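Asks: In case it helps, the numbering used here puts the sequence shown at residues 59 to 380. Each residue gets a CB set at the ideal place from its N, CA and C atoms; glycine is no exception. From a predicted model like this one, the values you see are computed outputs, not experimental measurements. So that we are looking at the same thing, I have put the structure below in structure tokens.
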Amino acid sequence: MPRDPGESTAPDPGVDEVSSPVPGLTVAAVARRLGVAPATLRTWDRRYGLGPSQHSAGAHRRYSSDDIARLERMRRLVLAGFPPGEAARAAQAGEDAGGPTAPLVEVTARQGGGHVVAIPGGTPNARGLARAAIALDADSCRSIVGETLDRRGVVWTWDHLVVPVLVGIGQKWEQSGRGIDVEHVLSEAIHAEFSERVSRAPSTSPATVLLAAAPGELHVLPMWALAAGLAERQVAMRMMGARTPVDALGQAMRRTGPGAVLVWSQTRETGDPAPLADLPDLRPEPLVLLGGPGWWPVEPPRGERVSDLSEAITMLARAAGA
């Protein structure tokens, strides 16, 4: 989905950059940059002395550029299959000097050779997420996505973190035939983080929103982003999931009397809007939205199209009375 045009792309102090008088980066910021959990950095500090060297009275210790360079070497060596102790000694000695992090994520995996995932203009968070995904580190993927959701919200996280990394990994797979395992691990981690937030959010809207994938449609991760965005606004919803038959959606509409319904199509194979004519006529009439790039460019018998995540959340929330 296109990014929210109303969302600032300026760096967020405390997320990727530090505007504090104290120089250096915090543990959380470095963890996002490297694509590891903060607990991993604390372990490397405690066991191998790869901790932050900068300290100011009354402030937490921060990582200098030299500290980060050592950690980047450590990360590369661990991913290459070196035991952590040996990797730490080599990182301290300055071996495998890689210089500053580039806009490309370059990681040598333990098996299968090198991988390069291009993320042009990607934030440090995005590069860290790509590193974690390439390492098949689902916990770190969830940690990075979760921390970004806490700081930035769903729309920014989807547009500026999740989509760039998924696109980069998808393009790599198309070019080389490798990386489907990476995409699966990352998608599952993102889905888990979104669905957890949906499950624990309170629902206060007067009406319910139904979210359903078109018949035959298996790609539902964007629907979970939409669900998480609605959860931020405490909108009551029902997720019907992948490959929802039109008659099943119609039955759910009769049972719940929703304020709005969104049907998702990712691929052209599932994008024929004609079956939507069989949806029931209810009073009051719910808002029906067609989301996703798969819908055919014809006039739908029911509903209107929406292509922007922020716009879809706003329209659905309004229809639900939130």
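(1) Just checking, does the stretch 220–230 make contact with the stretch 120–130 on the three C-beta pairs under 8 Å criterion?
(2) Mind checking which residues open and close the alpha helix (DSSP H) that includes TRP102?
(3) Going by beta carbon distance, what residues of the same chain come within less than 8 Å of TRP207, once the five residues before and after it are set aside?
(4) Taking only three categories from DSSP, how would you classify LEU340?
(5) With which residues is MET297 paired in a DSSP beta bridge?
(6) Using the Cα positions of GLY308 and GLU327, report the straight-line distance between them to the nearest angstrom.
(7) Measure the alpha-carbon distance for ARG363 versus PRO303 and round it to whole angstroms.
(8) Under three-state DSSP, which class holds GLU241?
(9) Can you tell me whether ARG133 is buried or exposed, with buried defined as 16 or more other CB within 10 angstroms of its CB?
(10) Kindly indicate the opening and closing residues of the alpha helix (DSSP H) around ARG91.
(11) Under a Cβ-count criterion, where at least 16 other Cβ atoms within 10 Å of its own Cβ denotes burial, should ALA191 be classed as buried or exposed?
(12) My output table needs one value for LEU349: the three-state DSSP class, helix, strand or coil.
(13) What first and last residue would you give for the beta strand (DSSP E) that runs through LEU279?
(14) Could you say if the stretch 333–343 and the stretch 275–285 meet the contact criterion of at least three C-beta pairs nearer than 8 Å?
(15) Would you say the stretch 289–303 touches the stretch 224–236, given that touching needs at least three Cβ pairs under 8 Å?
(16) Mark PRO355 as exposed unless 16 or more other C-beta atoms lie within 10 angstroms of its C-beta, in which case mark it buried.
(17) Assign ALA378 to buried or exposed, taking buried as 16 or more other Cβ atoms, counted over all protein chains shown, within 10 Å of its Cβ.
(18) Pair every Cβ in the stretch 345–353 with every Cβ in the stretch 312–320, then say whether three or more of these pairs are closer than 8 Å.
(19) Where does ARG120 fall in DSSP's three states?
(20) With burial defined as no fewer than 16 other Cβ atoms inside 10 Å of the residue's Cβ, what is the status of ASP217: buried or exposed?
(21) Taking C-beta to C-beta, are LEU185 and ARG120 nearer than 9 Å?
(22) Give a yes or no on whether the C-beta atoms belonging to ARG105 and ALA146 are separated by under 9 Å.
(23) Output yes or no for whether 9 Å exceeds the beta carbon distance between ALA272 and GLY350.
Replies: So, from the listed chains and residues:
(1) no
(2) 96–106
(3) Just to set this straight, residue 207 is Leu in the shown sequence, not Trp. Answer for LEU207: THR215, GLU251, ARG255 and ALA286, listed in chain order.
(4) coil
(5) LEU269
(6) 21 Å
(7) 19 Å
(8) helix
(9) buried
(10) 85–92
(11) buried
(12) The displayed chain sequence assigns Gly, not Leu, to residue 349. GLY349 falls in the strand class under three-state DSSP.
(13) That residue, LEU279, is in no beta strand (DSSP E); its alpha helix (DSSP H) goes 279–290.
(14) No contact exists between the stretch 333–343 and the stretch 275–285.
(15) no
(16) Burial check for PRO355: the Cβ neighbour count within 10 Å stays below 16, so the residue is exposed.
(17) buried
(18) Because the criterion of three Cβ pairs below 8 Å is met, the stretch 345–353 and the stretch 312–320 touch.
(19) strand
(20) buried
(21) Leu is not the amino acid found at residue 185; the sequence shown has Arg there. Going by C-beta atoms, ARG185 is not nearer than 9 Å to ARG120.
(22) yes
(23) Going by C-beta atoms, ALA272 is nearer than 9 Å to GLY350.
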